[in-house]
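Protein chains: 2
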Amino acid sequence: MNESINITAYSLLGLLAKRPWSTYELVAFMERSVLNYILPRTRSQLYNEPKKLARLGLAHARVAGAGRKRTVYSITPEGRAALKAWLAGPGGAQKMEYLSLLKLYLTDCRDTTAVGERLAGMRREVLDTAREALAQIERIENTGVALEDTAPMASLATRLAVHHSKAQLAWLDELESYLADPPSADAAADWAMGHYRHSARQLRALIKRHGDT
Amino acid sequence: MNESINITAYSLLGLLAKRPWSTYELVAFMERSVLNYILPRTRSQLYNEPKKLARLGLAHARVAGAGRKRTVYSITPEGRAALKAWLAGPGGAQKMEYLSLLKLYLTDCRDTTAVGERLAGMRREVLDTAREALAQIERIENTGVALEDTAPMASLATRLAVHHSKAQLAWLDELESYLADPPSADAAADWAMGHYRHSARQLRALIKRHGDT
DNA sequence: GAGGTTTGGTCTAATTTGGACTAAGTTAGT
DNA sequence: ACTAACTTAGTCCAAATTAGACCAAACCTC
Numbered sequence: 007m008n009e010s011i012n013i014t015a016y017s018l019l020g021l022l023a024k025r026p027w028s029t030y031e032l033v034a035f036m037e038r039s040v041l042n043y044i045l046p047r048t049r050s051q052l053y054n055e056p057k058k059l060a061r062l063g064l065a066h067a068r069v070a071g072a073g074r075k076r077t078v079y080s081i082t083p084e085g086r087a088a089l090k091a092w093l094a095g096p097g098g099a100q101k102m103e104y105l106s107l108l109k110l111y112l113t114d115c116r117d118t119t120a121v122g123e124r125l126a127g128m129r130r131e132v133l134d135t136a137r138e139a140l141a142q143i144e145r146i147e148n149t150g151v152a153l154e155d156t157a158p159m160a161s162l163a164t165r166l167a168v169h170h171s172k173a174q175l176a177w178l179d180e181l182e183s184y185l186a187d188p189p190s191a192d193a194a195a196d197w198a199m200g201h202y203r204h205s206a207r208q209l210r211a212l213i214k215r216h217g218d219t
Numbered sequence: 007m008n009e010s011i012n013i014t015a016y017s018l019l020g021l022l023a024k025r026p027w028s029t030y031e032l033v034a035f036m037e038r039s040v041l042n043y044i045l046p047r048t049r050s051q052l053y054n055e056p057k058k059l060a061r062l063g064l065a066h067a068r069v070a071g072a073g074r075k076r077t078v079y080s081i082t083p084e085g086r087a088a089l090k091a092w093l094a095g096p097g098g099a100q101k102m103e104y105l106s107l108l109k110l111y112l113t114d115c116r117d118t119t120a121v122g123e124r125l126a127g128m129r130r131e132v133l134d135t136a137r138e139a140l141a142q143i144e145r146i147e148n149t150g151v152a153l154e155d156t157a158p159m160a161s162l163a164t165r166l167a168v169h170h171s172k173a174q175l176a177w178l179d180e181l182e183s184y185l186a187d188p189p190s191a192d193a194a195a196d197w198a199m200g201h202y203r204h205s206a207r208q209l210r211a212l213i214k215r216h217g218d219t
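Pasting the structure below:
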């Protein structure tokens, strides 16, 4: 019954290390800040984890309530210690799940109509993501950073989203050329091989240039 | 008790549409091909889903076994219909989870040692991912595409991984400049604002250039 | 013929999600 | 002053998913 503390709980603890938050604020921040990009979590979990932190003595819960219930959490010294230990530990590569790409992968590549539609849909999705990121930034610019997101780190994390959007759009542009000139049925294997060789070359160059360890 | 068919099951169905596979082959492919990048799933689920497909009549299971047990699945006409309907449906933006970045986000930005170590770790992770992708490509090049991964789509999906690695490394290079010249405590807010404005400008340009719908 | 590796899986607890549900305060219109 | 609609601030639970330990047969090597 030894409750263990998971990634979600640690990240909430990380926010509590900066100041006390009500659960609602924590949830709103996790959903609306760049954290939603780095660690998307459902509401129900976000509401559960602070309770666990309190049970474990890593945070202190105080029901501050004129009228409506509203629980405010603050970090304890034990919490700070646990957070510090966790932050010192190793990270982990990013994992992604990309349903549209999966569907593209599984559609018959000779069905150029379906492929074209999927590509258009993916472009829309990427642009929507970009627009959302932009809206987030504009919210921060209008209200002043300090309001929700004081750390310089947040602005750096946001830059990753920008680089990602750019990469994604560049890739989509590349794919458009597929539609413009799809390989014939018997040349498909060679065509794919050409792309693999191109990818391999680029990867080798990247590894060489950046990995002088 | 109406079993529903999930994304994992659909993607396995998509593979079965190409040819019959044994469960083991399906698992190996999901783990070692670019699908592991698009839809990472655990072994236990990958072993469970084909059974469900069989129960629902979307696939047909045949125990082909000289000696050892080995179940081979093939798609049924109902399976093909279900797959087609699913593929025609909408996709979904990519979701990611990036533990290292989360930790970077939560570390105190004035602790340049910790930040530096985290950045170095992230670079290692990205390079490892790139090396793995390269190894995958080389496996395909050596054995011939046809063996496991016949679709041209696979080579295009792989290109996304390349674009992603490139973007990630460019971002890391940008972050290095943080270490070289960290903002002073009282200039931190302005410094972050500068980055936000830069991001906003780039996002607006991207949206304008690519989103002429 | 002993030991290690690969093949081909099963099983379980714990985690996580998705989504329905509540209930109180707040705002806008009549 | 009354009420409808919306936002805030959550709870609850079944179902999906993961992590990872476990198992056993077949193969390879010495």
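Heads up: the sequence lines are chains A and B, in that order. 7 is the number of the first residue of the first sequence in my numbering; add one for each residue after it. 7 is the number of the first residue of the second sequence in my numbering; add one for each residue after it. Positions of the beta carbon are idealized from the N, C-alpha and C atoms, including for glycine. Bear in mind the structure is a predicted one, so any value in this text is a computation, not a measurement.
Delimiting residues of the alpha helix (DSSP H) encompassing T164(B) = Within the second sequence, the letter at position 158 stands for residue 164(B). Counting along the chain, the alpha helix (DSSP H) containing T164(B) begins and ends at P158 to A186.
query = Do the CB positions of S80(A) and A65(A) come within less than 8 Å of each other?
reply = Locating residue 80(A) in the first sequence gives position 74, where the first residue counts as 1. Locating residue 65(A) in the first sequence gives position 59, where the first residue counts as 1. In contact: S80(A) and A65(A) (Cβ atoms closer than 8 Å).
task = Return the chain-ordered list of same chain residues with a C-beta closer than 8 Å to the C-beta of T113(B), the five sequence neighbours on each side being excluded.
result = The residue labelled residue 113(B) in the question sits at position 107 within the second sequence. Only A120, V121 and R124 meet the Cβ criterion.
ask   = What did DSSP end up calling S205(A) once you bin it into helix, strand or coil?
value = Here residue 205(A) refers to the residue found at position 199 when the first sequence is read from its first residue. Reduced to three states, the DSSP call for S205(A) is helix.
message = Under 8 Å: do the region 198-218 of chain A and the region 192-210 of chain B share three or more Cβ pairs, one atom per stretch?
response = Not touching, per the Cβ criterion.
task = In angstroms with no decimal places, state the Cα-to-Cα distance between A160(B) and Y43(B).
result = Here residue 160(B) refers to the residue found at position 154 of the second sequence. Here residue 43(B) refers to the residue found at position 37 of the second sequence. Going by the C-alpha atoms only, they are around 11 Å apart.
message = Tell me which residues of the region 25-51 of chain B have at least one Cβ-Cβ distance to chain A shorter than 8 Å, keeping chain order.
response = V40, L41, Y43, I44, L45 and P46
request  = Compute the Euclidean distance between the alpha carbons of A176(A) and A87(A), then round it to the nearest angstrom.
outcome  = In the first sequence, the residue the question calls residue 176(A) occupies position 170. In the first sequence, the residue the question calls residue 87(A) occupies position 81. Their Cα atoms are separated by approximately 44 Å.
query = According to the neighbour-count rule (16 or more other Cβ atoms, all chains shown, within 10 Å of its Cβ), is S17(A) buried or exposed?
reply = Translated into positions along the first sequence, residue 17(A) becomes position 11. A buried status is given to S17(A), since no fewer than 16 other beta-carbon atoms sit within 10 Å of its beta-carbon.
ask   = Does DSSP put L11(B) in a helix, in a strand, or in coil?
value = Translated into the one-based positions of the second sequence, residue 11(B) becomes position 5. Here the sequence assigns Ile to residue 11(B), which means Leu is not the residue at that position. It is coil, neither helix nor strand.
request  = Could you tell me whether the Cβ atoms of I13(A) and L45(A) are closer together than 8 Å?
outcome  = Along the first sequence, read from residue 1 onward, the residue named residue 13(A) stands at position 7. Along the first sequence, read from residue 1 onward, the residue named residue 45(A) stands at position 39. Result yes, Cβ atoms of I13(A) and L45(A) sit closer than 8 Å.
inquiry  = Need the endpoints of the alpha helix (DSSP H) that V33(B) sits in, please.
reply    = Indexing the second sequence from 1 puts residue 33(B) at position 27. Taken as a continuous stretch (DSSP letters only), the alpha helix (DSSP H) holding V33(B) covers T29 to R38.
query = So, does the CB of T279(B) fall closer than 8 Å to a CB anywhere in chain A?
reply = Given a span of 7 to 219 for chain B in the structure shown, any question on residue 279(B) remains unanswerable.
key: Length of the line joining the Cα atoms of A139(A) and R210(B)   = For this step, residue 139(A) is matched to residue 133 along the first sequence. For this step, residue 210(B) is matched to residue 204 along the second sequence. Rounded to whole angstroms, A139(A) to R210(B) spans 10 Å at the Cα level.
request  = Mind the definition here: the region 27-41 of chain B touches the region 94-110 of chain B only if three or more C-beta pairs lie below 8 Å; say whether that holds.
outcome  = No, the region 27-41 of chain B does not touch the region 94-110 of chain B.
message = The alpha helix (DSSP H) that contains S50(A), what's its start and end?
response = To locate residue 50(A), count along the first sequence from 1; it is residue 44. Start and end: R49 to R61.
Whole beta strand (DSSP E) elements within the region 63-129 of chain A, 3-residue minimum = 65-69, 77-81 and 101-103
request  = Note down the Cα distance separating E84(B) from D192(A), rounded to an integer number of angstroms.
outcome  = On the second sequence, position 78 is the one that residue 84(B) refers to. On the first sequence, position 186 is the one that residue 192(A) refers to. Cα to Cα, the separation comes out at about 29 Å.
inquiry  = In whole angstroms, give me the CA-to-CA distance for R129(A) and E37(A).
reply    = Here the question's residue 129(A) lines up with position 123 in the first sequence. Here the question's residue 37(A) lines up with position 31 in the first sequence. Cα to Cα, R129(A) sits roughly 23 Å from E37(A).
query = Are R76(A) and A67(A) closer than 8 Å when you measure CB to CB?
reply = Against the first sequence, residue 76(A) aligns to sequence position 70. Against the first sequence, residue 67(A) aligns to sequence position 61. The answer is no: Cβ separation not under 8 Å.
key: Beta carbon proximity, L64(A) to chain B, threshold 8 Å   = Along the first sequence, read from residue 1 onward, the residue named residue 64(A) stands at position 58. Chain B, which has no Cβ nearer than 8 Å to the Cβ of L64(A), makes this no.
Proximity to S167(A) [Cα-Cα], best of A194(A), D196(A), A136(A) and I213(A) = As a first step, residue 167(A) is located in the first sequence; it is residue number 161 there, counting from the start. The sequence as given places Ala at residue 167(A); Ser does not occur at that position. Considering only alpha carbons, the answer is A136(A).
ask   = For K172(A) versus L212(B), is the C-beta spacing smaller than 8 Å?
value = In the first sequence, counting from the first residue as 1, residue 172(A) sits at position 166. In the second sequence, counting from the first residue as 1, residue 212(B) sits at position 206. Cβ atoms of K172(A) and L212(B): closer than 8 Å.
query = Which chain B residues are close to Y184(A), counting only those with a beta carbon under 7 Å from its beta carbon?
reply = For the purposes of this step, residue 184(A) is taken as residue 178 along the first sequence, with counting starting at 1. Under the 7 Å cutoff, chain B gives L162.
ask   = Nearest CA to the CA of R15(B): which residue from G127(B), V78(B), W92(B) and S39(B)?
value = Residue numbering aside, residue 15(B) sits at position 9 when the second sequence is read from its first letter. The question names Arg, but residue 15(B) in the sequence shown is Ala. Comparing alpha-carbon positions, the option among G127(B), V78(B), W92(B) and S39(B) lying closest to A15(B) turns out to be W92(B).
message = So I143(A) contacts chain B; which residues on that side make the cut at Cβ distance below 9 Å?
response = In the first sequence, residue 143(A) corresponds to position 137, counting from 1. Going along chain B in sequence order, the residues near I143(A) (Cβ under 9 Å) are Y202, R203, S205, A206 and L209.
ask   = Using Cβ-Cβ distances below 7 Å, what residues of the region 98-115 of chain B are close to chain A?
value = Residues of the region 98-115 of chain B with a C-beta atom less than 7 Å from some C-beta of chain A are G98, A99, Q100, K101, M102, E103, Y104, L105, S106, L107, L108, K109, L110, Y111, L112, T113 and C115, listed in chain order.
task = Could you spell out where the alpha helix (DSSP H) holding L41(B) opens and where it closes?
result = Residue numbering aside, residue 41(B) sits at position 35 when the second sequence is read from its first letter. Counting along the chain, the alpha helix (DSSP H) containing L41(B) begins and ends at L41 to I44.
inquiry  = Rounded to whole angstroms, what is the Cα-Cα separation between S183(B) and A163(A)?
reply    = In the second sequence, the residue the question calls residue 183(B) occupies position 177. In the first sequence, the residue the question calls residue 163(A) occupies position 157. Going from the Cα of S183(B) to the Cα of A163(A) covers about 14 Å.
ask   = What residues from chain A crowd round G127(B), counting only those whose CB sits closer than 8 Å?
value = Within the second sequence, the letter at position 121 stands for residue 127(B). Listed along chain A are P96 and G97, each with a C-beta nearer than 8 Å to that of G127(B).
ask   = In chain B, which residues lie with their C-beta within 7 Å of the C-beta of L175(A)?
value = Reading the first sequence from its first residue, position 169 is the one you call residue 175(A). Under the 7 Å cutoff, chain B gives L212 and H216.
query = So with Cβ pairs under 8 Å, would you call I11(B) a contact of chain A?
reply = The residue labelled residue 11(B) in the question sits at position 5 within the second sequence. I11(B) does not count as touching chain A.
message = With H, G and I counted as helix, E and B as strand and the rest as coil, what does DSSP make of L153(B)?
response = On the second sequence, residue 153(B) is found 147 positions in, with the first residue counted as 1. The predicted model places L153(B) with a pLDDT of 49, which falls under 50 and marks its position as unreliable; any figure quoted below should be read in that light. The answer is helix: DSSP assigns L153(B) an H, G or I state.
inquiry  = Strictly under 8 Å for the Cβ-Cβ distance: is E55(A) near chain B by that measure?
reply    = For the purposes of this step, residue 55(A) is taken as residue 49 along the first sequence, with counting starting at 1. It does not; no Cβ of chain B falls within 8 Å.
ask   = So, is the C-beta of D134(B) closer than 8 Å to a C-beta in chain A?
value = On the second sequence, residue 134(B) is found 128 positions in, with the first residue counted as 1. Yes, D134(B) counts as interfacial toward chain A.
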